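Per numbering that gives the first Met the number 0, the sequence shown starts with residue 0, numbered consecutively. Heads up, the beta-carbon is just placed ideally off N, CA and C, and yes, glycines get one too. None of the values given here were measured: they were computed from a predicted structure. In what follows, a structure is listed as structure tokens, so that the remarks can point back to it.
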Amino acid sequence: MAQRPMNGDSRTVDQLRDHYEIERELAGRLRSASREERRTLYTSLYDELCRRVPLHPQLTRKSSPRETAQAVRSQMGFLGRFLNQRDITFLEVGPGDCALSLEVARSAKQVYAVDVSSEIVKGFTSPPNFRLVISDGSRVPVPPVSVDVAYSNQLMEHLHPDDAWEQLNNIYRAIVPGGIYVCMTPNRLNGPHDVSRYFDEVATGFHLKEYTVSELRDLFLQVGFTKVTSYAGAKGIYIGLPAFLFVLYEAILGKLPHKLRQAIVGVPPFGLLLGIRLVGRK
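Shown next as structure tokens:
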């Protein structure tokens with residue numbers, strides 16, 4: 000085991016290993032599944048994980064209204080700068096509890112929340128300009144060329160690489176000319192970021208692929224985004240930096256042994272450059 004439990008996780012080493020082995024097993028099934036099989040596997044395998052790992056932090060960590068509001072404020076600290084237009088149509092892919100989408104709906108013309116399950120919105124009434132759209136994990140079934148700002152947070156890493164490309168292409172099709180996609184995802188160079196962080200040097204759980212800024216930027220350009228900007232910062236202060244800085248920095252880090260790299264990026268100034276905040280403009 001590489002490190003102690005993180006983020007207030009009070010589980011024992013044996014409980015972490017049980018979670019790790021179960022998640023690796025289920026993720027392996029998803030990695031090896033065909034495209035058609037994956038259409039239903041995302042939902043069924045995540046449901047199975049919840050049943051078999053009852054101490055999973057997502058099940059035991061209950062967010063208070065205050066914590067939920069704080070999480071929304073934190074995301075809006077970056078996203079808000081792109082929501083300064085009136086009457087925008089907003090798309091969030093992988094909205095979780097939909098708290099962020101509902102906040103944006105307070106001022107947007109239309110909000111689409113695309114997820115693989117309708118369970119997330121059971122029990123609350125949504126405003127008339129909010130619509131939950133069910134997807135199979137790669138399709139984005141909203142009107143084409145209708146979205147001004149698309150957004151995802153901690154989503155890309157959960158997709159099979161083939162599905163990630165297809166989903167990104169579908170997001171691009173949904174965006175209006177001049178519209179943007181704001182994508183936040185963990186960087187593999189300071190990962191893994193799933194449960195395999197305790198045991199492996201590369202993600203082997205439900206983070207099916209963790210990216211670098213350079214890799215994801217190339218993917219955005221392949222899909223058709225004409226301009227891709229990478230941002231670095233924290234606590235509401237973010238600046239767009241030239242792409243070559245990330246390419247050079249990641250190339251140097253990628254050549255270092257895992258333990259040395261982890262020690263370097265553990266120092267705040269260096270780690271801040273690895274939080275992927277990518278904005279693609281159509």
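So the alpha helix (DSSP H) residue i belongs to, where does it begin and stop?
| i | result |
| --- | --- |
| residue 258 | 257 to 264 |
| residue 195 | Here residue 195 belongs to no alpha helix (DSSP H), and DSSP marks it neither H nor E. |
| residue 68 | 64 to 78 |
| residue 210 | No alpha helix (DSSP H) contains residue 210, which DSSP labels as neither H nor E. |
| residue 102 | 98 to 103 |
| residue 269 | 267 to 270 |
| residue 36 | 34 to 51 |
| residue 245 | 242 to 253 |
Give the DSSP-derived three-state secondary structure of residue i in the structure shown.
| i | result |
| --- | --- |
| residue 131 | strand |
| residue 20 | helix |
| residue 86 | coil |
| residue 277 | strand |
| residue 147 | strand |
| residue 200 | coil |
| residue 222 | helix |
| residue 12 | helix |
With a cut-off of 7 angstroms, does the C-beta of residue i fall near any C-beta of chain E?
| i | result |
| --- | --- |
| residue 101 | In the structure shown, chain E cannot be found, because there is only a single protein chain. |
To the nearest angstrom, report how far apart residue i and residue j are at their CA atoms.
| i | j | result |
| --- | --- | --- |
| residue 77 | residue 272 | 15 angstroms |
| residue 70 | residue 98 | 9 angstroms |
| residue 222 | residue 168 | 6 angstroms |
| residue 45 | residue 267 | 33 angstroms |
| residue 192 | residue 206 | 7 angstroms |
| residue 89 | residue 178 | 10 angstroms |
| residue 34 | residue 195 | 25 angstroms |
| residue 30 | residue 50 | 20 angstroms |
| residue 262 | residue 197 | 15 angstroms |
| residue 238 | residue 232 | 7 angstroms |
| residue 259 | residue 174 | 41 angstroms |
| residue 9 | residue 58 | 13 angstroms |
| residue 224 | residue 180 | 9 angstroms |
| residue 257 | residue 133 | 39 angstroms |
| residue 208 | residue 186 | 10 angstroms |
| residue 278 | residue 114 | 21 angstroms |
| residue 159 | residue 63 | 32 angstroms |
| residue 150 | residue 81 | 10 angstroms |
| residue 251 | residue 269 | 12 angstroms |
| residue 145 | residue 84 | 15 angstroms |
| residue 96 | residue 12 | 30 angstroms |
| residue 218 | residue 143 | 20 angstroms |
| residue 163 | residue 156 | 8 angstroms |
| residue 230 | residue 154 | 18 angstroms |
Spatial neighbours of residue i within its chain, please: CB distance less than 7 angstroms, with the 5 preceding and 5 following residues excluded, ordered by chain position.
| i | result |
| --- | --- |
| residue 32 | 40 |
| residue 253 | 188 |
| residue 226 | 280 |
| residue 138 | 169 |
| residue 108 | 86, 87, 88, 128 |
| residue 161 | 34 |
Starting from residue i, trace the beta strand (DSSP E) both ways and give me its first and last residue.
| i | result |
| --- | --- |
| residue 56 | Here residue 56 belongs to no beta strand (DSSP E); instead the alpha helix (DSSP H) covers 56 to 59. |
| residue 177 | 174 to 184 |
| residue 109 | 109 to 114 |
| residue 235 | Looking at the DSSP string, residue 235 is not in any beta strand (DSSP E), and its letter there is neither H nor E. |
With a threshold of 8 angstroms on Cβ separation, who are the neighbours of residue i within its own chain once the five nearest residues in sequence on each side are excluded?
| i | result |
| --- | --- |
| residue 17 | 52 |
| residue 19 | 194, 195, 197, 198, 204 |
| residue 14 | 54 |
| residue 23 | 195, 203, 204 |
| residue 48 | 21, 22, 25, 55, 205 |
| residue 141 | 90, 111, 113, 132, 173 |
| residue 248 | 272 |
Taking 6 angstroms as the cut-off, is the CB of residue i close to at least one heavy atom of the ligand ADP?
| i | result |
| --- | --- |
| residue 259 | Judged by which ligands are present, the structure shown has none, so any question about the ligand ADP falls away. |
Apart from the five residues just before and just after residue i, which ones in its own chain have a Cβ nearer than 6 angstroms to its Cβ?
| i | result |
| --- | --- |
| residue 135 | 38 |
| residue 183 | 152, 276 |
| residue 100 | 91, 94, 110, 112 |
| residue 27 | none |
| residue 246 | 213 |
| residue 103 | 89, 110 |
| residue 67 | 98 |
| residue 171 | 222, 223 |
**Item:** Three-pair Cβ contact test at 8 angstroms for the segment 239 to 259 versus the segment 206 to 219
**Value:** Judged by Cβ distances under 8 angstroms, the segment 239 to 259 makes contact with the segment 206 to 219, as three or more pairs qualify.
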